[in-house]
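2 protein chains.
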Amino acid sequence: MLDHQSILNALQPVQDPELKKSLVTLNMIRNVSIKDSTVEFTLVLTTPACPLKELIIQDCEKALKELPEVQEVKINVTSETPVQKALPTQQSIPNVKNIIAVSSGKGGVGKSTVAVNTAVALAQMGAKVGLLDADIYGPNAPTMLGVEDYQVTVEKRPEGDILEPVLSNGIKMVSMGFLINPGQPVIWRGPMLTGIIRQFLHQVNWGSLDYLIVDMPPGTGDVQLTLAQSVPMAGVVIVTTPQNVSLIDAYRGIKMFEQLKTNILGIVENMSYFIPPDLPDHSYDIFGSGGGMKASQELQIPLLGLIPLEISLRQGGDNGVPILISHPQSASAKALKLIAQKIAGKVSMMALA
Amino acid sequence: MLDHQSILNALQPVQDPELKKSLVTLNMIRNVSIKDSTVEFTLVLTTPACPLKELIIQDCEKALKELPEVQEVKINVTSETPVQKALPTQQSIPNVKNIIAVSSGKGGVGKSTVAVNTAVALAQMGAKVGLLDADIYGPNAPTMLGVEDYQVTVEKRPEGDILEPVLSNGIKMVSMGFLINPGQPVIWRGPMLTGIIRQFLHQVNWGSLDYLIVDMPPGTGDVQLTLAQSVPMAGVVIVTTPQNVSLIDAYRGIKMFEQLKTNILGIVENMSYFIPPDLPDHSYDIFGSGGGMKASQELQIPLLGLIPLEISLRQGGDNGVPILISHPQSASAKALKLIAQKIAGKVSMMALA
Ligand SMILES: Nc1ncnc2c1ncn2[C@@H]1O[C@H](COP(=O)(O)OP(=O)(O)OP(=O)(O)O)[C@@H](O)[C@H]1O
Ligand SMILES: Nc1ncnc2c1ncn2[C@@H]1O[C@H](COP(=O)(O)OP(=O)(O)OP(=O)(O)O)[C@@H](O)[C@H]1O
Ligand SMILES: [Mg+2]
Ligand SMILES: [Mg+2]
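Top to bottom, those sequences are chains A and B.
Here the first sequence is numbered in the UniProt record's numbering, starting from 1 and rising by one per residue.
Here the second sequence is numbered in the UniProt record's numbering, starting from 1 and rising by one per residue.
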């Protein structure tokens, strides 16, 4: 006879393809109910951005239909993003489950573009997402999300001032751009940077977030150190363009995070090639080719994806309408969406490892 | 009868087209000698990279040939780069006449590319040139000049350690890249940056230089402040790409230097358009267009030139053979050479103003 235990037994062999463990062991099967020959349960994924959702559902259905008593299977899919563990020296942000930095050694490789679009993609897939623009001197995220004229409001609380993040495309965000007039430079020495980054982490009304994406400035200095040392990070995504000078700086960035004991989630190669919109059979390696793959192999770090040079991606950044919204079918939008899913998958792996 | 004074009188109306003053007043006419109907003199330009050299020579010849006694004119052209004045709080580098920073707010816009090629162009035209790579976290200049495996030597002197610069393509250079192993990150907080920049300025055996080009890191922080405050600068060249996010950061960079009372020599627009090498009648504005001109007009700052996207320019940077050497006839090499000449002209104007 069909009972709760026989369902779990049948599902025991089904694995999460990424975490490589049984769904049952991972406590991803819940609320099992049986009515006649219909089995219904909730599949609790580790991220709303699970790239293998369909595959997992199919595997469950297949496993259950091997039980002769089962005629119908109803699966309700939801997700519970796991929480990263903190080191004793790090102070978690309450209810912020995973902090993900988007970094590189080199400037202008597309960190902000990847950070903003990863945030948009994860939000589109149903995750609760925050975006912390840690580029104090060159805050580009507000422009890229069309909120450059916004200001953050400050709430006086007994425990100190709390910033209310700006809401854009379902994403809660803070940026130096919301605290200064447009075009005004922030002429600060390093220790000031440390202060504002701490504030952006701990004195913002982030609420509960599955992912807090951090758009990093170039370099391996104050901001990188402050972030890695003061909060538990799920990991860092390294963006590089294919050419030598960018790879060399990317290696430096990776080594820094390794020294700071921060997980490297993977490498994104951006500006990989240019296909003229009117000549789809031409392709130009303006910034070279193969650099991301080379780095991935040499350093044994996953390559999360390649993003081509696309005029509409740049326009999306300039106009404040991310390409995932303006041109979701473009090659770069598809690449960015897949990258976001892979990031979410790696983050779950880290938390459950 | 022809005499020294009549020659000077005849040359008095001839102006330096850039400085808009008489060559005679500027003391650019020297060693006048008269033999029968032949007049010979030395024309002392204010830079070996004078873009208007030929024009000035023609103007002199024309003015002198109006004297009926003159049959032949012999002009020996040389140059004496003028020296920038220092503020009381700034410490000049002995024998270093002009310090020129190449900066921007944004990363990856081509600062290092412009700095390296400006240095090469000025050296090719006969100037004594140094290159200070002030990008401590991401030192790319050694790669771009093919000397990434070099090390600087240190000389113990009674007054302290003195670094011996690396020589490449006739350019004396120092870089953090010469002090660390390749790929090693420099995980430093701001105050350390200030120290090394001071050392790169004042504890290097620069010898005598017409121009010391400084390749700046992105941002408006420690390095920018230290440079502007500790040495007299001839001025700063702002590099931007055409798109919004880059322009916004360029404005920030310009405002910072204005606040620090540093001259802005002009704006360079880089990555202006892409012409596929096999399709010379196609052109793509991958990163937008017109941004440099817009900034130039809005801020009343000269536009020094536009550099197209060219694969060989990127390859030159990656392979360590600057495009001015590998492809001197390419569009970007020509643009870079003109930009170097304009920079040199502006610097002379500043010094003589
Ligand atoms: N794949 C792409 N195709 C076209 N344009 C792109 C692409 N990726 C990024 N860009 C554009 O290139 C510029 C630089 O990208 P972005 O600002 O994201 O880089 P960054 O690494 O954050 O720079 P910084 O170091 O200044 O923070 C932006 O104008 C962006 O819109
Ligand atoms: N006009 C161009 N055409 C093709 N490639 C270019 C052009 N200008 C620069 N590049 C390439 O783009 C990359 C970025 O340029 P560069 O390193 O000079 O920028 P940067 O502003 O110094 O960056 P950073 O902020 O990291 O110091 C380099 O690989 C360079 O070779
Ligand atoms: Mg950025
Ligand atoms: Mg650079």
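Even glycine gets a Cβ: it sits at the ideal position worked out from N, Cα and C.
Only a predicted model underlies this, so the values are computations on that prediction, with no experimental measurement involved.
For this session: Note down, in chain order, every chain A residue with its Cβ under 7 Å from the Cβ of R189 (chain B).
Result: G190, G221, D222 and L225
Exercise. Residues in its own chain within less than 6 Å of N117 (chain A) by CB, not counting five upstream and five downstream?
Worked result: P322, L324 and L336
Problem set entry | Per-residue DSSP class, three states only, for Y251 (chain B) | helix
Exercise. What are the residues that DSSP puts in a beta bridge with L212 (chain A)?
Worked result: A:I99 and A:G130
Exercise. Just curious, the alpha helix (DSSP H) that K294 (chain A) is in, first and last residue?
Worked result: G291 to L299
Problem set entry | N140 (chain B): CB within 7 Å of a non-hydrogen atom of ligand 2 | yes
Exercise. V186 (chain B) versus chain A: which residues are under 7 Å apart at the beta carbon?
Worked result: T220
Problem set entry | Whether V120 (chain A) touches D59 (chain A) by CB criterion (8 Å) | no
Exercise. Just by C-beta distance, which residues in the stretch 235-251 of chain A are closer than 7 Å to chain B?
Worked result: Q243, N244, V245, I248, D249 and Y251
Exercise. If we ignore side chains and look at the alpha-carbon of each, how far apart do I157 (chain B) and E155 (chain A) end up?
Worked result: It should be pointed out that residue 157 (chain B) corresponds to Arg in this sequence rather than to Ile. The alpha-carbon atoms of R157 (chain B) and E155 (chain A) are separated by roughly 58 Å.
Exercise. Is the Cβ of Y137 (chain A) closer than 8 Å to any Cβ of chain B?
Worked result: yes
Exercise. Taking 8 Å as the CB-CB limit, is R314 (chain B) close to chain A?
Worked result: yes
Exercise. So, is T153 (chain A) buried or exposed, given that buried needs 16 or more other C-beta atoms within 10 angstroms?
Worked result: exposed
Problem set entry | Whole-Å CB distance - N263 (chain A) paired with G235 (chain A), under 8 Å assumed | 4 Å
Problem set entry | L225 (chain A), buried or exposed, once every other Cβ within 10 Å from all chains shown has been counted against 16 | buried
Problem set entry | Pairwise C-alpha distance: Q300 (chain B) and L227 (chain B) | 24 Å
For this session: Kindly identify the DSSP beta-bridge partner or partners of S79 (chain B).
Result: B:L45
Exercise. Short check: CB of residue 392 (chain A) to CB of E66 (chain A), under 8 Å?
Worked result: In this structure chain A extends from 1 to 353, so residue 392 (chain A) is not present and cannot be described.
Exercise. Taking buried to mean at least 16 other C-beta atoms within 10 Å of its own C-beta, is V208 (chain B) buried or exposed?
Worked result: For clarity, residue 208 (chain B) is Ser in the given sequence; the question names Val instead. The residue in question, S208 (chain B), is exposed, as its Cβ has fewer than 16 Cβ neighbours within 10 Å.
Problem set entry | Chain-order list of residues whose beta-carbon lies under 8 Å from that of K53 (chain B) (same chain, five-residue window excluded) | L45 and V77
Exercise. Are the CB atoms of T220 (chain A) and I187 (chain B) nearer to each other than 8 Å?
Worked result: yes
For this session: Just confirm the distance between the C-beta atoms of T47 (chain A) and N31 (chain A), as a whole number of angstroms; I'd bet it's less than 8 Å.
Result: That pair is no contact at about 19 Å.
Problem set entry | Residue of A:V268, A:S283 and A:V166 minimising C-alpha distance to I275 (chain B) | A:S283
Exercise. Is DSSP giving residue 369 (chain B) helix, strand or coil here?
Worked result: In the structure displayed, chain B extends from 1 to 353; residue 369 (chain B) sits before or after that span and is not available.
Exercise. Looking only at DSSP bridge pairs, what is N270 (chain A) linked to?
Worked result: A:I307
For this session: State yes or no: is the C-beta of D215 (chain B) nearer than 7 Å to some heavy atom of ligand 4?
Result: yes
Problem set entry | Three-pair Cβ contact test at 8 Å for the stretch 97-114 of chain B versus the stretch 100-119 of chain A | yes
For this session: Give the range of the beta strand (DSSP E) segment to which R30 (chain B) is assigned.
Result: I29 to K35
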